[in-house]
Amino acid sequence: MALRSIHPGDTIGILGGGQLGRMLAVAASRLGLRSHIYAPESGPAFDIATEYTIGSYDDQAALTRFADQVAVVTYEFENVPASTAAILQSRCAVHPNPNALSKSQDRLIEKTFLNSLGIPTAPFLQVDDAGSLARAVGQLGRPSILKSRCLGYDGKGQSLIKEGSDLAVTFRSLGGQLAILEGMVDFTREISVIAARGIDGSFAAWDICENVHEHHILAVTRAPANVPAQIAEKASAIARTILDALDYVGVMGVEMFHVEKARLDGGKDHHLLVNEIAPRVHNSGHWTLDGAVTSQFEQHIRAICGWPLGSTKAHGPVEMRNLIGNDVDMWLELLKEPGLCLHLYGKHEARPGRKMGHFTRIYLKP
Ligand code: AMP
598 MALRSIHPGD TIGILGGGQL GRMLAVAASR LGLRSHIYAP ESGPAFDIAT
648 EYTIGSYDDQ AALTRFADQV AVVTYEFENV PASTAAILQS RCAVHPNPNA
698 LSKSQDRLIE KTFLNSLGIP TAPFLQVDDA GSLARAVGQL GRPSILKSRC
748 LGYDGKGQSL IKEGSDLAVT FRSLGGQLAI LEGMVDFTRE ISVIAARGID
798 GSFAAWDICE NVHEHHILAV TRAPANVPAQ IAEKASAIAR TILDALDYVG
848 VMGVEMFHVE KARLDGGKDH HLLVNEIAPR VHNSGHWTLD GAVTSQFEQH
898 IRAICGWPLG STKAHGPVEM RNLIGNDVDM WLELLKEPGL CLHLYGKHEA
948 RPGRKMGHFT RIYLKP
């Protein structure tokens, strides 16, 4: 299949109709592109897209029609089935390439891949049944975390193993899914790198983000993270290693733990462990919409179109807060605050734990 260059006026295809797809479609339209959303059900992105298809991810005929109508396909979530990606790839360009999907859909494959690049993670062991869980707990100790290998996000598919936890009951709580056991990391902070790689191998990362989770869901991101300059550089270099290894095109979020250990001489040793890679635009990069020259959404569109990457320079220190569930009822109050940037995703029902919007405060340099 000959790849053709992409121009304003062309249509980009996006798998998934959530808020990330919506913000990608907005960025695409700003660059004169049209967008076509493909998703199994209607969602926030449908309000913005030029066209949409409601179809399942195994509907070969619908996927083929979709691929034939777009110049390039991208996705807003990592659990795109491999068979779906293969159908699309046989007919048009798919960025990021599906190798990134296969590496990030299964925690065992993901962490083994990271370690093979020399990138440290939390210690982990494969758990296929209650017996292997008992042996893994024997090795990694308590507390430790049992995580399903696939389809876990925002803390779903995870169980904390403490003193006294019944291992057979804990294993059953995952519904018999294949899992890994992870050693508990005593981290100082959670950080993420939002970075992009272009088709020509160019690389650009924004300021490192510092993330606070509440009930396993991202609540606040501050950038730049409160880490020494050499740790910020190291975090960015780790992200580059991952993107290069995958021959990645687009924006990726790399979540890390920053661990500080006091030394006898009074100084500190710093370690970075990668927790997760997200082969897509990432919630902790939403601040770039208002706080940087180029947003992660625009950058992703630029990258998948084979266009030059934009500047990732920040306008100043920023804080982004998610509006989860009923938090969104504050929208009118928030609009009264001068300088605050509010983004609402157009979701009709504010269910608990549902991301309804976010807002950003930029602390402009005087
Ligand atoms: P995950 O689904 O792997 O992103 O985990 C969700 C959250 O659980 C992370 O953002 C951390 O706050 C916490 N967490 C996950 N794994 C570990 C670990 N090995 N040690 C300590 N905290 C963890």
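Its first residue numbered 598, the sequence shown is counted upward by one per residue in our numbering. Cβ coordinates follow ideal geometry from the N, Cα and C atoms, glycine included.
Residue burial is scored here from C-beta neighbours: Arg619 has at least 16 other C-beta atoms within 10 angstroms and is therefore classed as buried. Excluding the 5 residues flanking it on each side, Ala765 has same chain C-beta neighbours closer than 6 Å at Ala727, in chain order.
Distance from the CA of Lys708 to the CA of Leu929, rounded to the nearest whole angstrom, comes to 43 Å. Taking 9 Å as the cut-off, the Cβ atoms of Ala697 and Ile959 do not count as close. Its chain contains Ile651, Gly652, Ser653, Tyr654 as the residues whose beta carbon lies nearer than 8 Å to that of Pro637, once the 5 sequence neighbours on both sides are disregarded; these appear in chain order. CA-to-CA, the gap between Val824 and Ala731 works out to about 37 Å. Inclusion of Gln755 in the 8 Å shell around ligand 1 follows from its C-beta lying nearer than that to a non-hydrogen atom of the ligand. Boundaries of the beta strand (DSSP E) around Thr608: 608-612.
In this structure, the CA atom of Phe784 is about 35 Å from the CA atom of Arg899. Between Ile645 and Val871, the beta carbon gap of about 32 Å keeps them out of contact (Cβ cut-off 8 Å). Counting every other CB atom within 10 Å of its CB across the protein chains shown gives Asn919 a total of 16 or more, marking it as buried. At a cut-off of 4 residues, the continuous stretches assigned as alpha helix (DSSP H) that sit fully inside the stretch 682-722 are 695-701, 704-713.
Cα atoms of Gly773 and Leu722: separation of roughly 16 Å, rounded to the nearest angstrom.
For Asp804, the CB contacts under 7 Å within the same chain, skipping 5 residues up- and downstream, are Ala820, Pro821, Ala911 in chain order. A distance below 6 Å between beta-carbons, with the five flanking residues on each side excluded, links Pro693 to the following residues of its chain, in chain order: Tyr845, Val846, Gly847, Pro876. Rounded to whole angstroms, the gap between the alpha carbons of Ile901 and Pro605 is 13 Å. For Ser632, the enclosing beta strand (DSSP E) has its first and last residue at 631-636. At the C-beta level, His810 and Glu787 come within 9 Å of one another. Listed in chain order, the non-local C-beta contacts of Asn676 below 7 Å within the same chain comprise Gln702, Leu748, local neighbours out to five positions each way being set aside. Cβ neighbours of Ala801 within its own chain (closer than 6 Å, five residues either side excluded): Ala793, Leu906, Thr909.
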